[in-house]
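J.: Have a look at this one before I ask anything.
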């Protein structure tokens, strides 16, 4: 009989109902461990499901499982650990290194998308599927949509809806390969789409996993299907169906171990399939299941509030987080402020007071908010108070209007960087030639593409010939001007390295450049342009948040996944933001599913705290700001442009142990 063993050091072992797997579980002790670990032994091919709530030690669990495999002589290159972020992969490998297990540094650990890029970058796979593994970024897709011109496609928004529908179908395996739509217009749209992607030698992010999945499915003898003997995956509930199906192929020659928690599934907008973890046994016969429910991270009061909150989600597996015996009760505040400005300044003053008193360091403070507008206000207030703070919102890095040069500086700098590395990068060249034009120079570019296709030239070759007067392309003056400017800028950058390169591409006096400059701080010496491009591209395509910092981190609730902090502030907890307003027809979820996901998001946010939790919200908000960030305001007259907002309904779900709400002045002791 296979044995399933759970090590729980320094704690009396508590059994929850999800632990029970018949008589195949054996509980043992290892006094040398500092946390829980699940060690699974026995059948060579039985799948394993580990249900693990927040703060229970999932990284330690995976680490001990991998360590045991290596001790048993498994080839480390045949062990794959799929993590949700690059930081999680690095943390895991660092932890393995601390155990002193031979081969730990050779274990394949990283995100599933990273593994797929590696596979697609192999020339034979790209040749088989006829594509190039050059992923497109969101701002670049805007140019693609502009170029897909056909009367039946409608405007850019209509084309974007079609593109999103394709991505959703691929993610949910509604079609076995990317595409094959039934609708006539959809088929025509996809034909134009594939032609554009093939010409520009690139692919959409949403295609990456389905393309690899299709390759493995159609090639049962492919050596990639036998790469791994053991596959372990964290945050399984956040993967979509295509990703989960891909893991089955990767583990087809060995074992599959998945770790996750349906209560922390918060990515429906990425088509996550939480049923994959909750119904894992239905798809994987002979699955062995275990659970880890003792939370070592959160204060006991936070755990009680979190249990009360998530219990309001119907249809979930009934289970509770259990507090570790040594956990503190915690400091909890629910605070209302007069308005947004007072909230931002009050939260900043509270954090500064904690820092000045030596109770917490800035790097151990996490501010979470469902609105980046509120996040920016708190960031600015903290910096004004002398407490270093940085905001991390995905939209911030490459946002801007490409039709206006002054509003697309970050995008243009990124294209310059890409073209400095590879002058033939057709996507970057397309974008560069369209910046500043109301039409993104769509007509001229499409004529250039037609000319290139007829004469078997790349866009760079055709533009060079056009600039030299060797060829004529009708109405291409705007392309010539932009190409001439590109040549000037590339000449200025040629040969620059290290800090000089950063300062030229991302000037220190430009606010849009700050995130790029921050990501480049990991580089030292006179590094080449290719190194800088790799670092920035990786941060964009697989964003990670810094963990060892000396500043307050401010971000969305979604981005907090995997992070912890001594002091956590969840700000802007009002209706319309937490949860967002449900609009039938605009969400793929039912209203109940929609609310359940936002409740899970709040659950994830409050369980980041290890000592102090502050839940904060304003009483009033300026109507123009409320409209901008979609907060809910009652109809009727407003005084001084201010309207009444209401605290999030989820606060009422926190149960009897939540403290009574207080006014901001009471939090600050005034």
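Numbering (the numbering used here), first residue to last: 12 to 681.
Think of the CB as a built atom: it goes at the ideal place given N, C-alpha and C, for glycine as much as any other residue.
All of these numbers come straight from a predicted model, not from anything done at the bench.
1. Where does residue 365 fall in DSSP's three states?
2. Using the Cβ count rule (16 or more neighbours within 10 Å means buried), how would you classify residue 673?
3. Suppose contacts are defined by Cβ-Cβ distances below 7 Å. Is residue 240 in contact with residue 89 by that definition?
4. The alpha helix (DSSP H) spanning residue 73 covers which residue range?
5. Note down the Cα distance separating residue 41 from residue 604, rounded to an integer number of angstroms.
6. Does DSSP put residue 701 in a helix, in a strand, or in coil?
7. Could you give the DSSP three-state label for residue 463: helix, strand or coil?
8. Where residue 135 and residue 205 are concerned, what is the direct C-alpha to C-alpha distance, given to the nearest angstrom?
9. Rounded to a whole number of angstroms, what is the C-alpha to C-alpha distance between residue 652 and residue 412?
10. Take the Cβ of residue 230 as the centre, count every other Cβ of all protein chains shown within 10 Å, and call the residue buried at 16 or more, exposed below.
11. What first and last residue would you give for the alpha helix (DSSP H) that runs through residue 638?
12. Exposed or buried, residue 306, counting other C-beta atoms within 10 Å across all chains shown (16 or more means buried)?
13. Along the chain, where does the alpha helix (DSSP H) containing residue 531 start, and where does it finish?
14. With a CB to CB cut of under 6 Å and the five nearest residues on each side skipped, what residues in its chain are close to residue 390?
15. Give the DSSP-derived three-state secondary structure of residue 389 in the structure shown.
16. Go ahead and pull the three-state DSSP assignment for residue 209.
17. Once the 5 residues before and after residue 384 are set aside, which same chain residues still bring their CB inside 6 Å of it?
18. Would you identify the three-state DSSP class for residue 525, choosing helix, strand or coil?
19. How many angstroms separate the CA atom of residue 198 from the CA atom of residue 67?
20. Could you pull the start and end residues of the beta strand (DSSP E) that residue 171 belongs to?
21. Using a 10 Å radius around the Cβ and a threshold of 16 neighbouring Cβ atoms, would you call residue 613 buried or exposed?
22. Within 10 angstroms of the Cβ of residue 49, are there 16 or more other Cβ atoms? Answer buried if so, exposed if not.
23. Here's the rule I'm using: 16 or more other beta-carbon atoms within 10 Å means buried, otherwise exposed. How should residue 247 be labelled?
24. Assuming residue 6 and residue 526 are in contact, meaning their beta carbons sit under 8 Å apart, how far apart are those beta carbons, in whole angstroms?
25. Could you spell out where the beta strand (DSSP E) holding residue 563 opens and where it closes?
26. Would you check if the stretch 297–317 and the stretch 332–352 touch, i.e. whether three or more CB-CB distances between them fall below 8 Å?
27. Can you tell me where the beta strand (DSSP E) with residue 93 in it begins and where it stops?
28. Would you report the Cα separation of residue 148 and residue 216, rounded to the nearest angstrom?
29. Check whether the stretch 442–457 touches the stretch 543–560, counting contact only when three or more Cβ pairs, one atom from each stretch, lie closer than 8 Å.
30. I need the straight-line Cα distance from residue 545 to residue 344, nearest angstrom please.
31. Residue 183: which of 250, 325, 467 and 553 sits nearest, CA to CA?
32. Along the chain, where does the beta strand (DSSP E) that runs through residue 346 open and close?
33. Indicate the three-state DSSP secondary structure (helix, strand or coil) for residue 515 in the structure shown.
34. Looking at the unbroken alpha helix (DSSP H) that takes in residue 675, where does it start and where does it end?
35. For residue 416, does the count of other Cβ atoms within 10 angstroms reach 16, so buried, or fall short, so exposed?
36. Span of the beta strand (DSSP E) holding residue 627?
T.: Judging by the given coordinates:
1. DSSP places residue 365 in helix when its eight states are reduced to three.
2. Around the beta-carbon of residue 673, fewer than 16 other beta-carbon atoms lie within 10 Å, marking it exposed.
3. yes
4. 69–82
5. Caution is warranted here: a pLDDT of 37 is assigned to residue 41, below 50, making its placement in the model unreliable, and the coordinate value is therefore given only provisionally. Their Cα atoms are separated by approximately 42 Å.
6. Here the chain covers residues 12 to 681 and nothing more, so residue 701 does not appear.
7. helix
8. About 20 Å.
9. 29 Å
10. exposed
11. 634–640
12. Result: buried.
13. According to the DSSP assignment, residue 531 belongs to no alpha helix (DSSP H), since it is labelled neither H nor E.
14. 400, 402 and 565, listed in sequence order.
15. Shown here, residue 389 sits in a helix according to DSSP, grouped into three states.
16. helix
17. 640
18. Shown here, residue 525 sits in a helix according to DSSP, grouped into three states.
19. 48 Å
20. Premise fails: residue 171 lies in the alpha helix (DSSP H), 167–182, not in any beta strand (DSSP E).
21. Burial of residue 613 is indicated by the presence of at least 16 other C-beta atoms within 10 angstroms of its C-beta.
22. Unreliable placement is indicated for residue 49, whose pLDDT of 48 sits below 50; no coordinate value is reported for it.
23. buried
24. Since the displayed the chain opens at 12 and closes at 681, residue 6 lies outside it and no answer follows.
25. 563–566
26. Flag = yes, the stretch 332–352 and the stretch 297–317 touch.
27. 90–93
28. When the Cα atoms are used, residue 148 and residue 216 turn out to be separated by approximately 8 Å.
29. no
30. 43 Å
31. 250
32. 342–348
33. helix
34. 675–678
35. With fewer than 16 other CB atoms across the displayed protein chains lying within 10 angstroms of its CB, residue 416 is exposed.
36. 620–629
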